[in-house]
Amino acid sequence: MFTLSEREKEAEMASMTHEANDNPAPGAAAPVSVAVATPVVPEVAGSRTMTNARIAIFGRINGAILPPPHQRKLGIVFIRNFFTCASPFVPSSSSHAVKPPTAFVLNAVLAASDAPQRSDEWFALRKDKLTTSTFSTALGMWKGNSRSELWHEKVFPSNTQIAEGSKKGALEWGLLNEAAAIERYKSITARDVSSLGFAIHSEERLDWIGASPDGLLGCCGVLEVKCPFNKGKPEAMLPWKTMPFYYMPQIQGQMEVTGRDWADLYCWTPNGSTIFRVYRERGYWELLHGILREFWWENVVPAKEALLLGRKEEAKSLKPTSTHKLTGLVIAKSLKLAGEAKLLCREMAGRVEFFR
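The sequence shown begins at 1 in UniProt numbering and counts up by one.
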């Protein structure tokens, strides 16, 4: 996700090349090191009800039953009993157990076609969106030219998709193991994982943001799977002991887009796995949103418009700086939230251990 090119395609395809100690793979940008005081990000006053994602593509719908046409309003399909929050795998006494609701209704707009993740249609859906897998880059969290390269990919799109060196290896490793990792997560947790192709934020003012989580968990959660490549030696990789902070923007973005309240980040390796529970943090999202909005509407969109009008030099002048003035605040807040992420489960040598 955080390589210097192919970001839009590799971010979801490769399961990241970073180790548990936050060291980037060869050729990848390293996190920006910013010395800042521990920030306090103001929380958003009040609270919103869970938004309904405009879900472009669903891979599978468990037992969805569509109501008669007269019960459908304004083009919104009401799907009853779409998912349940069954099989929480933490002890019932734990504060992290999710209690199943007696009934659940999800409002979603279902597209007529099915676009599996990483298909041509899936890439087309993502082309003109800022996706959660690129949030850390758009926020300026990585050293080097990553932010300007992401801008260039959005403004000057290319149909050429080339992965080279360690990037290709990480991509192939992620593709090879993602399905098995999801199955292992299901086996450990006894949860159903429902697939999702691509989701666009339900609010019109935010419909330039999209997400492709690796799965939906019940009515309230999302699943993100990572298979670290470990600098080309994945067979020697051990599962993370703590959550890497640079995933926090992606995870929080997925919850925002899909309207979910928590996420499980699953780190799979040949030698074991770990599960981290992350809860939605609205104040953190407001911080991210301001920077992402500026990147999109003050750098990307005006440059694309200038390019359409034949003003290439004007478009180039809109290239963003490598970091944002609030990047340090984002990193500090991300570190704090990652440190608060709950380790739910660790699997080593065939032994599974759960934590309260």
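The beta-carbon is built from N, C-alpha and C at its ideal position, and this holds for glycine as well.
- In the DSSP assignment, the residues bridged to TYR266 are VAL225 and ILE275.
- Out of ALA170, LEU309 and LEU292, the CA that lies nearest to the CA of LYS325 is found in LEU292.
- The count of Cβ pairs closer than 8 Å, one atom from the segment 236–246 and one from the segment 265–278, reaches three, so the stretches are in contact.
- A check of alpha carbon separations from THR258 across HIS152, GLU224 and SER317 identifies GLU224 as the nearest.
- In the structure shown, the three-state DSSP call for MET255 is helix.
- The criterion of a C-beta distance shorter than 8 Å is satisfied by ARG277 and LYS342.
- Beyond the five residues adjoining it in sequence on each side, GLU294 comes within less than 8 Å, by CB distance, of HIS324 in the same chain, given in chain order.
- When the Cα atoms are used, LYS316 and LEU287 turn out to be separated by approximately 27 Å.
- Each residue's CA atom was taken as its position, placing LYS333 and LEU130 some 21 Å apart.
- In the same chain as TYR266, and ignoring 5 residues on each side of it, the C-beta atoms closer than 6 Å to its own belong to TYR185, VAL225 and ILE275, in chain order.
- Just measuring C-alpha positions, the residue of LEU196, TRP173 and GLU203 sitting nearest PRO213 is LEU196.
- Here PHE156 is exposed, its C-beta having fewer than 16 other C-beta atoms within 10 Å.
- Rounded to the nearest whole angstrom, the CA to CA distance from ILE188 to CYS345 is 9 Å.
- CA-CA distance, PRO244 to ALA338, rounds to 7 Å.
- Rounded to whole angstroms, TRP142 and GLU340 show a C-alpha spacing of 22 Å.
- Nearest in C-alpha terms to LYS231, of all of TRP262, ILE209 and LYS168, is LYS168.
- Apart from the 5 residues on each side of it in sequence, ASN177 sits with its Cβ closer than 6 Å to the Cβ of CYS227 in its chain, given in chain order.
- Exposed is the label assigned to THR321, since fewer than 16 other Cβ atoms lie within 10 Å of its Cβ.
- Around the beta carbon of GLU204, a 10 Å sphere encloses fewer than 16 other beta carbons of the protein chains shown; the residue is thus reported as exposed.
- Judged by DSSP in its simplified three-state form, THR131 adopts strand.
- Looking only at SER148, MET255 and LEU150, the smallest Cα-Cα distance to ILE200 is reached by MET255.
- Of the other Cβ atoms in all chains shown, 16 or more fall within 10 Å of the Cβ of ALA170; this residue is therefore buried.
- For VAL155, the enclosing alpha helix (DSSP H) begins and ends at 146–155.
- Per DSSP, GLY218 is not a residue of any alpha helix (DSSP H), being assigned neither H nor E.
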